[in-house]
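For the sequence shown, the working numbering begins at 137 and goes up steadily by one. The beta-carbon is built from N, C-alpha and C at its ideal position, and this holds for glycine as well. This one's a predicted model, so the numbers in the text were calculated from it and none came from an experiment. Comments concern the structure below.
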Amino acid sequence: MPMLGDDAEALAPLNFSAMLKSYAKINLTIDIMGRENGYHLIDTVMCEVADLFDEIEVAVIRDGKSRIEISTDNKELNETPKKNTAYKAAKLLAGDSSVKITIKKNIPLRSGLGGGSSNAAAVLKELNHQLALGLDVHALRILAAKISMDAPFFITGGIARATHYGEIIEPIKTDLVLKPKLIFLPGEKKSTADMYKKIDTMPAGQNRKKTENLIRALQENNLQGVIENLHNDFDLLPSATCNLPSTLSGSGPTRFKLT
Numbered sequence: 137m138p139m140l141g142d143d144a145e146a147l148a149p150l151n152f153s154a155m156l157k158s159y160a161k162i163n164l165t166i167d168i169m170g171r172e173n174g175y176h177l178i179d180t181v182m183c184e185v186a187d188l189f190d191e192i193e194v195a196v197i198r199d200g201k202s203r204i205e206i207s208t209d210n211k212e213l214n215e216t217p218k219k220n221t222a223y224k225a226a227k228l229l230a231g232d233s234s235v236k237i238t239i240k241k242n243i244p245l246r247s248g249l250g251g252g253s254s255n256a257a258a259v260l261k262e263l264n265h266q267l268a269l270g271l272d273v274h275a276l277r278i279l280a281a282k283i284s285m286d287a288p289f290f291i292t293g294g295i296a297r298a299t300h301y302g303e304i305i306e307p308i309k310t311d312l313v314l315k316p317k318l319i320f321l322p323g324e325k326k327s328t329a330d331m332y333k334k335i336d337t338m339p340a341g342q343n344r345k346k347t348e349n350l351i352r353a354l355q356e357n358n359l360q361g362v363i364e365n366l367h368n369d370f371d372l373l374p375s376a377t378c379n380l381p382s383t384l385s386g387s388g389p390t391r392f393k394l395t
C-alpha cells in the first residue's frame with residue numbers, strides 16, 4: 137500500500153508500535169428529536185459488534201518532526217488522506233511526534249456501521265496511551281466529537297445510550313452478549329448528511345417509550361424485550377423499505393437481526 141500524508145520521506149525507525157482492532161457498531165434504537173444550532177438532536181442506543189473490525193497499526197516516533205503518514209487498503213480513502221478520520225485524530229494528539237498509521241478496512245464505507253468514527257476513537261486512545269498524555273475518558277470524548285458525533289461512543293464502546301448530538305454517552309450495564317446478524321443490502325450508499333436531510337420531512341421522534349423499554353430489557357438481561365423494542369427513525373424513509381424482518385443500523389444501508 138502506498139504511504140500518503142504530509143511528507144513523502146519515509147519515517148525513521150519506530151519508538152512505539154501497536155496493532156488495534158477498531159470495531160463496528162449497530163444502533164439498537166435511533167430517535168431523531170429535531171435540530172439545534174444546525175445539528176440534529178438524537179437519542180440512540182449503540183452496541184459494538186465484536187466480530188467485525190478494522191485492523192489498525194499505529195507507530196509513533198518521537199522525532200520532533202510532527203509528520204503524519206496514513207495508508208489503507210481502500211483506494212477511495214487513499215485519494216484524500218487528510219480527510220481520513222484516523223488522520224484527523226492523529227493531528228489532534230501527535231504534537232511534535234511523527235505518526236504512521238496503516239489501516240486494513242473490513243467495515244464497509246458508508247454502511248451505517250461507524251467504521252470511520254471507530255477508527256478515529258481507536259487512534260485517539262492509542263496516542264493518548266503511547267504519548268502518556270493522561271487524558272481521561274471525558275477529555276477523549278470531547279476530542280472525538282471534533283471528528284464525528286459517533287466517535288465519542290467508541291472511546292469506551294460496549295453498549296451505551298448517546299444523546300444530544302450523539303456526544304453525551306451513558307454506558308448501559310447488561311450481561312447480555314448481543315450477536316447481530318448483519319445484512320449488507322446492495323444498492324447506492326447514501327451519505328449520513330443526505331439521509332438526515334430527508335428525515336427532516338418525516339414524523340420522527342415518536343418511539344422514545346420503546347427506547348426506555350429496550351434499555352430496561354438490557355438491564356434485566358431480557359433478550360426478547362430488546363428484540364421487541366428495536367427501532368430506527370430512518371426506517372421511516374421510503375428508501376429504507378425492506379421485506380426482511382430486520383432493523384436499519386445508523387442511516388443504512390446495512391440492516392441487522394438479533395436472535
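Item	Value
In the DSSP assignment, the alpha helix (DSSP H) including Val-196 goes from what residue to what residue?	It is not in any alpha helix (DSSP H) - Val-196 instead sits in the beta strand (DSSP E) that spans 175-197.
Would you grab the beta carbon distance between Gly-231 and Leu-267 for me? Rounded to a whole angstrom, and I think it's under 8 angstroms.	7 angstroms
Which of the three DSSP states is assigned to Ser-207 in this structure?	strand
Less than 8 angstroms separating the beta-carbons of Ser-153 and Ser-202?	no
On a Cα-Cα basis, can you pick out the residue from Glu-215, Glu-205, Ile-237, Asn-214 that is closest to Val-194?	Ile-237
Take the Cβ of Ala-329 as the centre, count every other Cβ of all protein chains shown within 10 Å, and call the residue buried at 16 or more, exposed below.	exposed
Reducing DSSP to helix, strand and coil, say where Ile-283 ends up.	coil
Tell me whether the beta-carbon of Asp-209 lies closer than 8 angstroms to the beta-carbon of Ser-158.	no
Under DSSP, the beta strand (DSSP E) around Val-235 begins and ends at which residues?	234-240
Between which residues of its own chain and Tyr-332 is the CB-CB distance below 6 angstroms, once the five residues before and five after are set aside?	His-176
Tell me whether Thr-395 is buried or exposed, calling it buried when 16 or more other Cβ atoms sit within 10 Å of its Cβ.	exposed
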